[in-house]
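Asks: There's a structure below that I have some questions on.
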Amino acid sequence: MRTMIRSGRAVLLVLAAGLLLAACGQDETPQQQAAGGQERPPRSVEVMEMARQDIPLDKSYPSLLRSDDEVTLVARVTGFLEERHFEPGQLVEAGQRLYTIEPDLYQAVASQREADLQSARAELSRAQRDANRFEQLLSQNSVSRQQYDQARTELGVAQASVAQAEAALASANIDLGYAEVTAPVAGMIGLSQVNVGNLVSAGTELATITPLDPLEVRFQLPQRDAFELRRQLDDQPLSEVGASLQTPALEGNGVGNLQGNLTFLGSRVDQGTSTVQASATFDNPDAQVLPGQFVRVRLEGMKRFDVLAVPEIAVTQGLMGPQVFVLDEDNVARSRTVALGEVAGPWQIIREGLEPGDRVVVGDPAGIEPGAPIDPQPFGGDAGEIVDAVEEAEADAREGDQAAAVAAMGEGQAPAPSEGEGDQ
Numbered sequence: 001m002r003t004m005i006r007s008g009r010a011v012l013l014v015l016a017a018g019l020l021l022a023a024c025g026q027d028e029t030p031q032q033q034a035a036g037g038q039e040r041p042p043r044s045v046e047v048m049e050m051a052r053q054d055i056p057l058d059k060s061y062p063s064l065l066r067s068d069d070e071v072t073l074v075a076r077v078t079g080f081l082e083e084r085h086f087e088p089g090q091l092v093e094a095g096q097r098l099y100t101i102e103p104d105l106y107q108a109v110a111s112q113r114e115a116d117l118q119s120a121r122a123e124l125s126r127a128q129r130d131a132n133r134f135e136q137l138l139s140q141n142s143v144s145r146q147q148y149d150q151a152r153t154e155l156g157v158a159q160a161s162v163a164q165a166e167a168a169l170a171s172a173n174i175d176l177g178y179a180e181v182t183a184p185v186a187g188m189i190g191l192s193q194v195n196v197g198n199l200v201s202a203g204t205e206l207a208t209i210t211p212l213d214p215l216e217v218r219f220q221l222p223q224r225d226a227f228e229l230r231r232q233l234d235d236q237p238l239s240e241v242g243a244s245l246q247t248p249a250l251e252g253n254g255v256g257n258l259q260g261n262l263t264f265l266g267s268r269v270d271q272g273t274s275t276v277q278a279s280a281t282f283d284n285p286d287a288q289v290l291p292g293q294f295v296r297v298r299l300e301g302m303k304r305f306d307v308l309a310v311p312e313i314a315v316t317q318g319l320m321g322p323q324v325f326v327l328d329e330d331n332v333a334r335s336r337t338v339a340l341g342e343v344a345g346p347w348q349i350i351r352e353g354l355e356p357g358d359r360v361v362v363g364d365p366a367g368i369e370p371g372a373p374i375d376p377q378p379f380g381g382d383a384g385e386i387v388d389a390v391e392e393a394e395a396d397a398r399e400g401d402q403a404a405a406v407a408a409m410g411e412g413q414a415p416a417p418s419e420g421e422g423d424q
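Shown next, in the form of structure tokens:
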């Protein structure tokens with residue numbers, strides 16, 4: 001009887017031990033079971049120790065292209081439009097003759113005023129001689145004081161007549177000059193608003209000249225960008241801030257960006273838009289762009305000072321929002337939720353969640369999970385290089401998948417059904 005009891009207890013102990021071992025086996029992760037219970041090897045990936053730095057910005061601002069020196073030609077005299085000396089759309093030079101408005105008429109008026117001036121000068125000469133003679137006779141008591149005063153009065157009237165004739169001649173010469181309409185600035189001239197043979201009067205619009213080189217762009221800077229730019233200008237003059245002009249309408253046509261310089265930065269913030277006005281000037285020798293186009297202005301050398309930033313590829317999306325992987329003292333990856341700031345080229349500025357000294361995984365985060373061991377590799381500091389490497393690897397993977405799909409189709413294998421197709 002005792003033997004049977006001992007045998008039953010032994011069986012129960014064996015069963016209990018088996019259940020315990022089975023339970024322990026269920027606690028192992030699939031990776032540990034596949035590796036025979038061994039831990040995963042650390043993954044080699046670039047790690048960056050956080051430190052505050054100055055990050056260059058890559059920002060652009062929308063604007064409308066304009067030409068500050070654009071001129072609308074108007075007639076300054078009345079007369080018939082006799083000639084037009086240009087073709088619409090032609091590039092004209094400053095001082096070039098453009099229109100002729102009945103110059104013979106104004107030449108005749110100028111000649112008449114010249115004759116009037118000569119007559120007034122002759123009268124002035126006679127009055128001057130009479131005044132001198134009466135002055136001498138008065139000293140000899142040969143004429144009365146009244147006669148002398150009359151001679152001096154006639155001399156004054158003659159002098160005024162000469163001045164009046166000179167002014168009339170000058171006015172006639174001005175009108176004669178206005179009979180030939182010339183270009184006040186160099187640029188491209190538009191369509192003529194008046195045809196040859198029509199009567200024009202003072203104020204009639206004739207055409208518009210638009211200078212194309214250089215061009216000015218006015219745009220609005222957010223107040224923070226303006227503040228950072230002024231901080232940067234403490235070390236360099238305004239004219240040394242480079243700018244490039246991007247024209248969306250010409251993208252893909254082989255037209256390069258225009259290069260220029262910042263010429264103005266406002267000193268006050270607009271209360272309605274919280275922006276600061278700025279302007280830049282661009283050389284446009286080949287007339288690649290024209291006023292009125294919508295463009296984007298990119299300022300070169302702008303920075304965010306004393307910020308924490310990581311390569312943009314290091315930021316992933318977690319359950320609590322954007323996150324990065326931070327290494328603990330055992331080189332184990334831990335997720336850290338962060339608040340994002342601006343994107344500056346390949347860099348992502350971090351507003352909250354990281355502190356100087358934190359070690360952040362900045363390599364490709366694909367496949368990394370919290371608790372994964374990491375073999376930290378030094379980061380060279382080039383965020384763009386890491387981003388390019390990841391994009392190249394993803395492109396190679398896509399090409400490999402496409403090649404495999406093509407090979408499978410060539411062998412007559414049906415492609416794997418997409419999810420849900422088997423239930424139809």
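When we follow the working numbering, the leftmost residue of the sequence shown carries the number 1, and every step to the right adds one. In this text, a Cβ means the ideal position worked out from N, Cα and C, and glycines have one as well.
Quick one: measure Cβ to Cβ for HIS85 and TYR99, integer angstroms, because I've assumed they're closer than 8 Å.
Replies: Yes, HIS85 and TYR99 are in contact; Cβ-Cβ is about 7 Å, under 8 Å.
Asks: Within 10 angstroms of the Cβ of PRO62, are there 16 or more other Cβ atoms? Answer buried if so, exposed if not.
Replies: Burial call: exposed.
Asks: Is it buried or exposed, VAL157, if we count other Cβ atoms within 10 angstroms and call 16 or more buried?
Replies: By the 10 Å Cβ count, VAL157 comes out exposed.
Asks: Spatial neighbours of ASN198 within its chain, please: CB distance less than 6 Å, with the 5 preceding and 5 following residues excluded, ordered by chain position.
Replies: Excluding residues within five positions, the ones whose Cβ falls inside 6 Å are LEU81.
Asks: DSSP three-state label for GLN26, please.
Replies: Note that GLN26 scores a pLDDT of 41, beneath 50, so its modelled location is shaky; the value from the coordinates is reported in the next line. DSSP places GLN26 in helix when its eight states are reduced to three.
Asks: Determine the burial state of THR337: buried for a count of at least 16 other Cβ atoms within 10 Å of its Cβ, exposed for fewer.
Replies: Answer is exposed; the Cβ neighbour count stays below 16.
Asks: Whole beta strand (DSSP E) runs in the region 293 to 324 with 3 or more residues, listed along the chain?
Replies: The qualifying runs are 294 to 299, 303 to 311 and 316 to 318.
Asks: Three-state secondary structure (DSSP) at PHE86?
Replies: Coil, per DSSP.
Asks: How would you call ARG351, buried or exposed, if buried means at least 16 neighbouring beta carbons within 10 angstroms?
Replies: Exposed: under 16 other Cβ atoms inside 10 Å.
Asks: Who are the Cβ neighbours of ALA314 in its own chain at under 7 Å, not counting the five residues just before and after it?
Replies: Result list for ALA314: VAL324, VAL360, VAL361, VAL362 and PRO365, in chain order.
Asks: Give me the DSSP bridge partner(s) of VAL162.
Replies: DSSP lists no partner for VAL162.
Asks: Please tell me whether GLN348 and GLU385 are closer than 8 Å, where the distance is taken between their beta carbons.
Replies: Contact: no.
Asks: Terminal residues of the continuous alpha helix (DSSP H) containing ASP130?
Replies: It spans 103 to 139 - the alpha helix (DSSP H) in which ASP130 sits, taken as one unbroken run.
Asks: I'd like to check one pair, ASN284 with LEU175: are the Cβ atoms closer than 8 Å?
Replies: A small correction: the amino acid at residue 175 is Asp; Leu does not occupy that position in the sequence shown. In this structure, ASN284 does not lie closer than 8 Å to ASP175 by Cβ.
Asks: For THR153, which residues in the same chain have their Cβ closer than 7 Å to its Cβ, ignoring the five residues on either side in sequence?
Replies: So the list is empty, once near-sequence residues are dropped.
Asks: Is it buried or exposed for ARG126, if we count other Cβ within 10 angstroms and need 16 for buried?
Replies: Under this definition ARG126 is an exposed residue.
Asks: Give the DSSP bridge partners of VAL92, in chain order.
Replies: Answer by DSSP bridge pairing, in chain order: GLY187.
Asks: How would you call VAL196, buried or exposed, if buried means at least 16 neighbouring beta carbons within 10 angstroms?
Replies: By the 10 Å Cβ count, VAL196 comes out exposed.
Asks: Under the assumption that LEU474 contacts ALA243 (Cβ atoms under 8 Å), give the Cβ distance between them as a whole number of angstroms.
Replies: With the chain represented from 1 up to 424, any question about residue 474 goes unanswered, as that position is not in the structure.
Asks: So, helix, strand or coil for ALA34, using DSSP?
Replies: With a pLDDT of 40 at ALA34, under the threshold of 50, the modelled position of this residue cannot be trusted; read the value that follows with caution. DSSP places ALA34 in helix when its eight states are reduced to three.
Asks: Helix, strand or coil for ALA168, going by three-state DSSP, please let me know.
Replies: Helix.
Asks: Sorted by chain position, which residues of the same chain lie with C-beta nearer than 6 Å to THR208's C-beta, five sequence neighbours on each side aside?
Replies: Hits under 6 Å: THR72 and GLY190.
Asks: Please go through the same chain and pick out, in chain order, the residues whose beta-carbon is closer than 7 Å to the beta-carbon of VAL77, but skip the five residues on each side of it.
Replies: Answer for VAL77: ILE101, TYR106, ASP175, TYR178, ALA179 and ALA202, listed in chain order.
Asks: Among the candidates ARG398, ASP116 and LEU354, whose CA atom is the shortest distance from the CA of MET48?
Replies: It is LEU354 whose Cα lies nearest to the Cα of MET48.
Asks: Using the rule of at least 16 other Cβ atoms within 10 Å of the residue's Cβ for burial, across every protein chain shown, is ASP388 buried or exposed?
Replies: Looking at its Cβ environment, which holds fewer than 16 other Cβ atoms inside 10 Å, ASP388 is exposed.
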